[in-house]
Amino acid sequence: MSWVYWEPKSRMATVSRGEGATLESWSAGLTTLASSAARPSSMRPRGNGSRFGRQGDAACGSHHSRVLGGAPFANVVLAGMDPASDARETPPAGLTMPADYIAAIVPLLPRTAFLLVLALAVAACVFHRRRAPAAPAIFPLSTEWTAQVGDPFEGPAFQPPLATDGTRVFVATVDGTVHGLDGGTGRERWSVANRPGPLSARPGLLVAREPDGTVWAMAPASGSARWKTETRVGGALPAALGDDAVLVGGEGLVALDAATGSVRWTADPPPRLSATPVAAGKWVFVPEQDGTLRCRDAATGNAVWAFSTRAALKAGPAVDETGRRVLLGTADRRFVALSLEQGRARWTWKVGADVPAPPTLLGDTVLFASHEDVLYALKQGGGNLVWRAPLPSRPLSPPLVAEGAVLVACYGTRPKESFVVGFDARTGRRLGDMKTPSELAAPPILVGDAVVAGMRDRSVVRFRLAGPETPEGVDKPPQALPD
Numbered sequence: 007m008s009w010v011y012w013e014p015k016s017r018m019a020t021v022s023r024g025e026g027a028t029l030e031s032w033s034a035g036l037t038t039l040a041s042s043a044a045r046p047s048s049m050r051p052r053g054n055g056s057r058f059g060r061q062g063d064a065a066c067g068s069h070h071s072r073v074l075g076g077a078p079f080a081n082v083v084l085a086g087m088d089p090a091s092d093a094r095e096t097p098p099a100g101l102t103m104p105a106d107y108i109a110a111i112v113p114l115l116p117r118t119a120f121l122l123v124l125a126l127a128v129a130a131c132v133f134h135r136r137r138a139p140a141a142p143a144i145f146p147l148s149t150e151w152t153a154q155v156g157d158p159f160e161g162p163a164f165q166p167p168l169a170t171d172g173t174r175v176f177v178a179t180v181d182g183t184v185h186g187l188d189g190g191t192g193r194e195r196w197s198v199a200n201r202p203g204p205l206s207a208r209p210g211l212l213v214a215r216e217p218d219g220t221v222w223a224m225a226p227a228s229g230s231a232r233w234k235t236e237t238r239v240g241g242a243l244p245a246a247l248g249d250d251a252v253l254v255g256g257e258g259l260v261a262l263d264a265a266t267g268s269v270r271w272t273a274d275p276p277p278r279l280s281a282t283p284v285a286a287g288k289w290v291f292v293p294e295q296d297g298t299l300r301c302r303d304a305a306t307g308n309a310v311w312a313f314s315t316r317a318a319l320k321a322g323p324a325v326d327e328t329g330r331r332v333l334l335g336t337a338d339r340r341f342v343a344l345s346l347e348q349g350r351a352r353w354t355w356k357v358g359a360d361v362p363a364p365p366t367l368l369g370d371t372v373l374f375a376s377h378e379d380v381l382y383a384l385k386q387g388g389g390n391l392v393w394r395a396p397l398p399s400r401p402l403s404p405p406l407v408a409e410g411a412v413l414v415a416c417y418g419t420r421p422k423e424s425f426v427v428g429f430d431a432r433t434g435r436r437l438g439d440m441k442t443p444s445e446l447a448a449p450p451i452l453v454g455d456a457v458v459a460g461m462r463d464r465s466v467v468r469f470r471l472a473g474p475e476t477p478e479g480v481d482k483p484p485q486a487l488p489d
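Shown next, in the form of structure tokens:
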């Protein structure tokens, strides 16, 4: 069956084609539409705003193709539609047909041009029907294990974010307890008390940062303390871990030796950070509350360059050391690529809203989500758009890349709901979505080839992509979120 519908946000009419059509029925529908344009508007069939244009047996694959855009539209019922059955059935929301627009355009087309357009439409229909057989719209995430950390109703809440050293998962709760879980099985290996604050981890090192600036370094395998340093840098930002340094930011910035905890340098004057700093090789990138991204020398703390925006940065950048680029989403609706050495803008992409989370690098592409509920993929080199995909609601995590898919956690359509939504990393085609067992309390992270997330019910859940990547040329229709 074929649906022709109007998207209010983009002011664009779209044709959605399904299986089971004949070329004759598709052609008949277009012919009926063209003939309706020649009649006076009072004679053309119309809907009442809740009626949906439908051609009963016209269909060619599941691909969505853009038809045309324009101003206000009236609905038209195509050939083969039964008004009585239409009132009983519920097609996808928002479906309409641009009859008035087509009525204005079609009479202006020469007959030969119209037949050519019709032939191209039929050819495209055949191409997509042969190229894209139907595939089930099932999001391939399966639950591997669930670990309950504390009482699900009265236990202390999680202190985000989760942390991982690549094989283990570390969870902090607001009462100051840190739990070390086996990443493969979910079994708790150890727990230690009196380590309040957010966690950071990398292979060989686990760090907890207290609100008063006290930093604890622990052994990931056992949770035993290695060193403790009082930096007096207040704040609640997780520490940033470099190759051999621990960066503590908030109401100031201090660099500690990762092996001993001794102070290497202190930024003067003390900056006020708006997000966790990013350590990359011999540089440290510091997002500040006045909207400045400041690059500092990792060895000395000296400022190298600064790039100014008009609002406090909500996340740090991604750094491509090979391409010598710093990629940053701002709160003043921009996404910029800066030169690594001078901090000069190489290109800028205008975004419809702020960018709340760090971008993710994938080959020569950079991925980021914005608060306009859109996921973007841009070429790192020139900022050209690779693809963009709408999100069902506000994103609450940076994009994660696993098994050829891009995963983004989003708020639900109802209170205390959240979803993980997946997209094809190459094309941006939506693969599906999954409602999480409970509302997310800590955004998902990658642990090996799996996704691990913390829930409001004090559980930690590990998900795995269940199936192989969809074969090339197979399209899956968008899957709506549950009511």
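Note that the numbering used here numbers the sequence shown so that position 482 is 488, with each residue one more than the last. Beta carbons are placed, not taken as given, at the ideal position from N, Cα and C, and that holds for glycine.
- Taking 8 Å as the cut-off, the Cβ atoms of Ala-281 and Leu-243 count as close.
- In terms of CA proximity to Pro-167, Ala-245 leads the group Ala-245, Asp-188, Leu-381.
- Of all alpha-carbon atoms in Ala-415, Phe-469, Gly-192, Gly-182, the one lying nearest the alpha-carbon of Asn-200 is that of Gly-182.
- For Thr-237, the closest C-alpha among the options Ser-268, Leu-212, Asp-249, Ala-448 is that of Ser-268.
- The secondary-structure analysis by DSSP pairs His-185 across a beta bridge with Val-177, Ser-197.
- Counting along the chain, the unbroken beta strand (DSSP E) around Thr-149 starts and ends at 147-154.
- Residue environment: Thr-366 is assigned as buried (16 or more neighbouring CB atoms within 10 Å of its CB, all protein chains considered).
- Following the DSSP letters along the chain, one finds Leu-391 inside the beta strand (DSSP E) bounded by residues 391-396.
- By the Cβ test, the stretch 246-257 is not in contact with the stretch 225-234, since fewer than three Cβ pairs between them sit closer than 8 Å.
- For Arg-400, there is no enclosing beta strand (DSSP E), as DSSP marks it with neither H nor E.
- The residue among Cys-301, Arg-468, Leu-406, Ala-411 with its C-alpha nearest the C-alpha of Val-284 is Cys-301.
- Ala-223 and Val-290 have their C-alpha atoms some 20 Å from each other.
- Counting the other Cβ atoms within 10 Å of the Cβ of Arg-468 gives 16 or more, which makes it buried.
- With a 10 Å radius around the Cβ and a threshold of 16 neighbouring Cβ atoms, Asp-439 comes out buried.
- Residues of the same chain with a CB within less than 6 Å of the CB of Gly-258, apart from the 5 flanking positions on each side, are Val-239, Pro-276 in chain order.
- In the DSSP assignment, Pro-323 falls outside any beta strand (DSSP E) and carries neither an H nor an E.
- The beta-carbon separation of Phe-425 and Thr-442, rounded to 7 Å, stays under the 8 Å limit for a contact.
- Collapsing the DSSP output to three states places Leu-346 in coil.
- Nearest to Pro-398 by alpha-carbon distance, out of Val-392, Asp-379, Asn-390, is Asp-379.
- Asp-250 and Gly-186 have their C-alpha atoms some 23 Å from each other.
- Annotation for Phe-469: the continuous beta strand (DSSP E) segment containing it runs 465-471.
- Approximately 7 Å separates the beta-carbon atoms of Val-457 and Ala-408; this is inside 8 Å, confirming the contact.
- By the criterion of a C-beta distance shorter than 7 Å, Arg-316 is surrounded in its chain by Gly-297, Asp-338, once the five residues flanking it on both sides are discounted.
- Linking Lys-356 to Gln-386 through their CA atoms gives a straight-line distance of about 15 Å.
- Annotation: Glu-423 to Ala-459 spans about 14 Å, alpha carbon to alpha carbon.
- Leu-373 carries a strand assignment under DSSP once its states are collapsed to helix, strand and coil.
- According to the DSSP assignment, Pro-166 belongs to the beta strand (DSSP E) that extends over 164-170.
- When C-alpha distances from Leu-253 are compared across Asp-274, Arg-278, Ala-304, Ala-225, the shortest belongs to Ala-304.
- By the criterion of a C-beta distance shorter than 7 Å, Gly-434 is surrounded in its chain by Ala-383, Trp-393, Arg-394, Ala-395, once the five residues flanking it on both sides are discounted.
- In this structure, Glu-150 lies near Arg-470, with their beta-carbon atoms less than 8 Å apart.
- Listed as beta-bridge partners of Pro-293 by DSSP are Leu-299.
- Collapsing the DSSP output to three states places Leu-243 in coil.
- Per DSSP, the beta bridge partners of Glu-257 are Arg-278.
- Rounded to the nearest angstrom, the gap between the Cα atoms of Thr-173 and Gly-454 is 7 Å.
- Pro-323 and Gln-154 have their C-alpha atoms roughly 34 Å apart.
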